[in-house]
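All letters in the sequence shown, in the order written, are residues 5 to 531 by this note's numbering.
Built from N, CA and C at the ideal position, the CB exists for glycine as well.
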Amino acid sequence: MDPHPAEPAVPTGQAVLPSRLAWSSPLAIAGWLALTKLLIHFFTNGQYGYFRDELYFLACGEHVDWGYVDHAPMVAWMAWLSRALLGDSLFAIRFFPAVAGAAKVFFTGAMAHELGGGRLAVFLAGLGALAATIYFGIDTLLSMNALEPLFWVGAVWCALRAVRLSEPRYWAGFGVLLGLGFMNKHSTIFFAAALVAGLLLTRARRALASRWFWIGAALAVVIILPNVIWEWRHGWATLELLKNVRATGKNVIHPPLEFLIQQVLILNPVTLPLWLAGIWFYLADREGRRHRHLGLAFLIFLGLMIVMHAKHYYLAPAYPMLLAAGGVWWAVRLERVRGLRWLRAAYPALLAATGAALAPLVLPVLPVAAIPPYMAALGLQRLKTEVAHEGPLPQHFGDMFGWPEMVATVARVYHGLPAAERARTCIFAGNYGEAGAIDFFGGRHGLPKAISAHQNYFIWGPRDCTGAVVILLQVSREDALEVFSRVEEAERVGHPWAMAEEHFTIRVGRDPKIPLGELWPRIRHWN
5 MDPHPAEPAV PTGQAVLPSR LAWSSPLAIA GWLALTKLLI HFFTNGQYGY FRDELYFLAC
65 GEHVDWGYVD HAPMVAWMAW LSRALLGDSL FAIRFFPAVA GAAKVFFTGA MAHELGGGRL
125 AVFLAGLGAL AATIYFGIDT LLSMNALEPL FWVGAVWCAL RAVRLSEPRY WAGFGVLLGL
185 GFMNKHSTIF FAAALVAGLL LTRARRALAS RWFWIGAALA VVIILPNVIW EWRHGWATLE
245 LLKNVRATGK NVIHPPLEFL IQQVLILNPV TLPLWLAGIW FYLADREGRR HRHLGLAFLI
305 FLGLMIVMHA KHYYLAPAYP MLLAAGGVWW AVRLERVRGL RWLRAAYPAL LAATGAALAP
365 LVLPVLPVAA IPPYMAALGL QRLKTEVAHE GPLPQHFGDM FGWPEMVATV ARVYHGLPAA
425 ERARTCIFAG NYGEAGAIDF FGGRHGLPKA ISAHQNYFIW GPRDCTGAVV ILLQVSREDA
485 LEVFSRVEEA ERVGHPWAMA EEHFTIRVGR DPKIPLGELW PRIRHWN
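As structure tokens, this is what we get:
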């Protein structure tokens, strides 16, 4: 008897579904996980309120340019596109980040397939990306952080294809994606440097002899050139900002061991065996050693981030390539080693359970009052990235509250002024959060656009403000009296869930001692 009986014939005229499109194929599994990720964000990203940085990015989207003081230009383009196509709602401005997050999950699984993994490998890799706590957080908000992993995983995928298939044309795509990644976030340059260093340290260095590698490098330069020109024309504003941040000690500096522990925590501790196996796969596994340059690239990038005292989430875009490789490594062992087969169901279940349990720490799903006790029940403390931020909630939630209420209070002050004064009154905000809130919510209250000397608002200048009468936000009485002859205390603003710094007194300054045009260059605040 034939031990391999023939498969039943397909009836004449019945189409055969290609294997890669079958519902249970590896890429279909990646697609189902991506769809799950997308739906999670679609059902939750309309909760709470607009985040401080989102309001600023929306303002930047009203001034589309090739560069900005404190970020690369792509997030402003995304803000403009979101509003042009979908409107101003939370769902609308967070639509593209949600899609990018889903795509990240899909391509993490697809990369596992590219590395030779089957359905289990793809499932483990994609589920690891889906259950990673940090990705729930960054994929909720309008920011460059949601797009960053997508460009990086795409560049790594091109490098994989170029090396595995000995097809050098993929190096052109590698360069394009890294160039776009730079236009999304400047830190991509450090990841690109780590990738090139990884190539130089392994046999994959022969890629540098290919004209396609240099074509890719040239394409990357062409893509980033407009931003470089913008920086040159604005006195290398971003470099000055970074110097100021370091000089003022704005960011929390973590010792190396604490930084590494934070990596475990922000990714979901249960993913640790997955991404550690990914490093091992690239560096030591027989099947993965041809891609050793990727493992070395990660370690080099990790070292750079530790030395530069980076924020803990700066490493997040590099993990999909480890999750993909870890999925392949574990799938082989779970399928071959009889004593480990029970983990085929137990480990994914644990990933899903911990992912769901940790998601409310970064996803807006709980009633706000339940967040502090929920964190306490899990025995977790807030991970701070900036020294000055204090409040009842973690910063990523606290900065979603109080903005409409603040603008409404400013509107009361503005409309309470005599008509003759109101016509020449402007609103000055001490930082981009208040300025962005005035610009976004102020129109419905009949308020003028805000001015500020903070970040890119400084470049936009004082608009048509004369400085005769100025409503002052986040400006101390002492600082106000240096500029105005008369300073009036107007109203107090605050919100029970907002950050402590958002509880302040609104002041009105009159009779400036210094013309605003003369004052403006002296109050620039890039920090």
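{"Item": "C-alpha distance - Trp216 paired with Ala222, whole-angstrom precision", "Value": "10 Å"}
{"Item": "In DSSP terms, what Pro516 is bridged to", "Value": "Phe488"}
{"Item": "Whether Leu124 touches Glu339 by CB criterion (8 Å)", "Value": "yes"}
{"Item": "Closest residue to Gln51 among Leu145, Leu128 and Ala104 (Cα-Cα distance)", "Value": "Leu145"}
{"Item": "Cut-off 7 Å between Cβ atoms - residues of its own chain near Ile375, not counting five sequence neighbours on either side", "Value": "Leu397 and Phe401"}
{"Item": "Cβ neighbour criterion (16 or more within 10 Å) applied to Leu306", "Value": "buried"}
{"Item": "Environment of Lys517 [buried if 16+ CB atoms lie within 10 Å]", "Value": "exposed"}
{"Item": "Distance CB(Gly331)-CB(Leu278) smaller than 8 Å", "Value": "yes"}
{"Item": "Alpha carbon of Ala63 to alpha carbon of Ala472, nearest angstrom", "Value": "25 Å"}
{"Item": "Beta-carbon proximity check, Ala251 vs Val180, cutoff 8 Å", "Value": "no"}
{"Item": "Chain-order list of residues whose beta-carbon lies under 6 Å from that of Ile527 (same chain, five-residue window excluded)", "Value": "Ala457"}
{"Item": "Classification of Arg24 by the beta-carbon crowding that lies within 10 angstroms, buried from 16 upward", "Value": "Note on Arg24: pLDDT 47, under 50, position unreliable in the model; the coordinate value appears next. Label assigned to Arg24: exposed."}
{"Item": "Buried/exposed call for Ile510, threshold 16 Cβ in 10 Å", "Value": "buried"}
{"Item": "Contact the region 353 to 362 vs the region 150 to 169: 3+ CB pairs below 8 Å", "Value": "no"}
{"Item": "Trp234 versus Ala241: straight-line alpha-carbon distance, rounded", "Value": "9 Å"}
{"Item": "Buried versus exposed, by CB contacts within 10 Å (16 or more), Ala320", "Value": "buried"}
{"Item": "Exposure of Gly383, with buried meaning 16 or more beta-carbon neighbours within 10 Å", "Value": "exposed"}
{"Item": "Sub-8 Å separation of Gln459 and Val73 beta-carbons", "Value": "yes"}
{"Item": "DSSP-derived helix/strand/coil call for Cys162", "Value": "helix"}
{"Item": "Residue(s) in a DSSP beta bridge with Leu476", "Value": "Phe432 and Arg511"}
{"Item": "His8 burial status per 10 Å Cβ neighbour count (16 or more: buried)", "Value": "At His8 the pLDDT is 39, less than 50, meaning the model places this residue with poor confidence; the figure from the coordinates comes in the next sentence. By the neighbour-count rule (16 or more Cβ atoms within 10 Å), His8 is not buried but exposed."}
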